[in-house]
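*Asks:*
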Ligand code: C2E
Ligand code: MG
Ligand code: MG
Ligand code: MG
């Protein structure tokens, strides 16, 4: 706790912040053990093709079942893992799980197995020396086609030039499609689409939310289709929750969408059931 020279609390000190910091420190320490204790798992959310909703791919999303707190949101613990460095080990584990799951889908589903699997990559991972070499080694060891694994990155990872952008270029050279995630939030700059090898643009939910209301968001959603089409980039609309949004996005020219309206994130086995030839009526 910060104290001033007189021993009293300084004006900017906020006890609530102190409690948050203490909670973060405890959760962060727990997170270090979470992999070894088997508390982490992956779920997969389908990315669908419009308008019919056929499966175009899946996005891997990590889950943490904390022994006391129950499900902890990745929106909370991923930033924590970034700050305390655990993300490096965590990211490695996530990629290993994804390659293992891909092999299981291949065995169970053959030609029906998901062809495209998106994995979220944190800025800190991209800045870690040897990260791309590690990815290359894992894919080679597991016999995973690099073209099957889309690297979802955020603009913060590649702002400016530097190791982040270099790593993305190396991933691309390795054969991984690159997706720019949450596009439109943060400090998105269109120059990123020029400087960074991007094959997929994920239009953030905050724009999709307003798409049926004739708002500024709708204008942006429409403009992004013109930009991505012109650049030969695939656009994915994120966070589609209603039929009306799906229809409007399709009319605007979107071919790919993701959201609770179609599917919530599910286990790897649930994806298998979803795609099994029996379920498909093949
Ligand atoms: P993201 O990569 O943008 O993932 C999409 C998030 O939106 C997921 O939340 C997903 O469950 C949620 N979502 C999908 N459709 C809808 C919808 O229709 N409505 C609403 N309200 N939400 C929807 P989740 O799984 O809680 O993940 C949150 C964020 O945490 C992710 O955002 C990503 O930035 C990060 N994250 C998740 N898994 C991983 C991971 O394995 N590695 C890393 N580095 N980050 C991850
Ligand atoms: Mg993502
Ligand atoms: Mg996203
Ligand atoms: Mg997001």
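In the UniProt record's numbering, the protein residues as written are 474 to 755. Idealized CB from N, CA, C, for every residue including glycine. Bear in mind that the values here come from a model prediction, so they are computed numbers and not experimental data.
Nearest to residue 636 by CA position, among 514, 602 and 621, is which residue?
*Replies:* Among 514, 602 and 621, the Cα nearest to that of residue 636 is on 602.
*Asks:* What is the C-beta distance between residue 524 and residue 723, in whole angstroms, given that I count them as a contact (C-beta under 8 Å)?
*Replies:* Right, the Cβ-Cβ distance comes to about 5 Å (below 8 Å), so this counts as a contact.
*Asks:* DSSP three-state call for residue 543: helix, strand or coil?
*Replies:* Looking at residue 543 - three-state DSSP - the assignment turns out to be strand.
*Asks:* Determine the extent of the beta strand (DSSP E) in which residue 757 is found, giving its start and end residues.
*Replies:* Residue 757 is absent from the structure shown; the chain starts at 474 and stops at 755.
*Asks:* Buried or exposed, going by whether 16 or more other CB atoms sit within 10 Å of the CB of residue 733?
*Replies:* Result: exposed.
*Asks:* Give me the DSSP bridge partner(s) of residue 702.
*Replies:* Beta-bridge pairing links residue 702 to no other residue.
*Asks:* Using the Cα positions of residue 474 and residue 507, report the straight-line distance between them to the nearest angstrom.
*Replies:* With a pLDDT of 37 at residue 474, under the threshold of 50, the predicted position of this residue should be treated as unreliable, though the coordinate-derived value follows. The alpha-carbon atoms of residue 474 and residue 507 are separated by roughly 29 Å.
*Asks:* I need the boundaries of the beta strand (DSSP E) containing residue 679, first residue and last residue.
*Replies:* Not the beta strand (DSSP E): residue 679 falls in the alpha helix (DSSP H), residues 678-681.
*Asks:* So what does DSSP say about residue 736, is it helix, strand or coil?
*Replies:* If DSSP states are grouped into helix, strand and coil, residue 736 belongs with coil.
*Asks:* Between the Cα of residue 690 and those of 616, 725 and 588, spot the shortest distance and give me the residue it belongs to.
*Replies:* Residue 690 has its Cα closest to that of 725, out of 616, 725 and 588.
*Asks:* Could you tell me whether the segment 601-619 touches the segment 670-685, using the rule of 3 or more Cβ pairs below 8 Å?
*Replies:* Taking 8 Å as the limit for Cβ pairs, the verdict is that the segment 670-685 does not touch the segment 601-619.
*Asks:* Distance check for residue 701 and residue 642, CA to CA, integer angstroms please.
*Replies:* Rounded to the nearest angstrom, the two C-alpha atoms are 19 Å apart.
*Asks:* Out of 516, 568 and 500, which has the shortest C-alpha to C-alpha gap to residue 543?
*Replies:* Per the Cα distances, 500.
*Asks:* Reducing DSSP to helix, strand and coil, say where residue 568 ends up.
*Replies:* It is helical.
*Asks:* Go through its chain and collect everything with a Cβ distance to residue 656's Cβ below 8 Å, but skip five positions before and after it.
*Replies:* Excluding positions up to five away in sequence, the list reads 628, 674, 675, 676, 677 and 697.
*Asks:* Cβ of residue 567 versus every heavy atom of ligand 1: is any distance shorter than 8 Å?
*Replies:* Answer for residue 567: yes, Cβ within range of ligand 1.
*Asks:* Thinking just about the alpha-carbon of each residue, which of 621, 741 and 604 is nearest to the one in residue 640?
*Replies:* Comparing Cα-Cα distances from residue 640 to each of 621, 741 and 604, the minimum goes to 604.
*Asks:* Could you tell me the alpha carbon to alpha carbon distance between residue 664 and residue 749, rounded to whole angstroms?
*Replies:* Straight-line Cα distance between these residues: approximately 42 Å.
*Asks:* Return the first residue and the last residue of the beta strand (DSSP E) that residue 608 is part of.
*Replies:* Where residue 608 is concerned, there is no enclosing beta strand (DSSP E), although the alpha helix (DSSP H) it sits in stretches over 604-615.
*Asks:* On the CB-based measure, 16 or more other CB atoms within 10 Å of its CB, does residue 721 come out buried or exposed?
*Replies:* So residue 721 ends up on the buried side.
*Asks:* Using 9 Å as the threshold, is the C-beta distance between residue 731 and residue 569 below it?
*Replies:* In this structure, residue 569 does not lie closer than 9 Å to residue 731 by Cβ.
*Asks:* Given the structure, does residue 655 come close to ligand 2, in the sense that its CB is under 8 Å from one of the ligand's heavy atoms?
*Replies:* Under cutoff, so the answer is yes.
*Asks:* Hey, could you find the ends of the beta strand (DSSP E) residue 653 is sitting in?
*Replies:* Residue 653 -> beta strand (DSSP E) spans 651-656.
*Asks:* Between which two residues does the alpha helix (DSSP H) holding residue 631 run?
*Replies:* Looking at the DSSP string, the run of the alpha helix (DSSP H) that includes residue 631 is 628-631.
*Asks:* Consider the C-beta atom of residue 677 and the heavy atoms of ligand 3; say whether any pair is separated by less than 8 Å.
*Replies:* Yes, the beta carbon of residue 677 sits closer than 8 Å to at least one heavy atom of ligand 3.
*Asks:* Going by alpha carbons, who is nearest to residue 515 out of 557, 575, 527 and 719?
*Replies:* Among 557, 575, 527 and 719, the Cα nearest to that of residue 515 is on 575.
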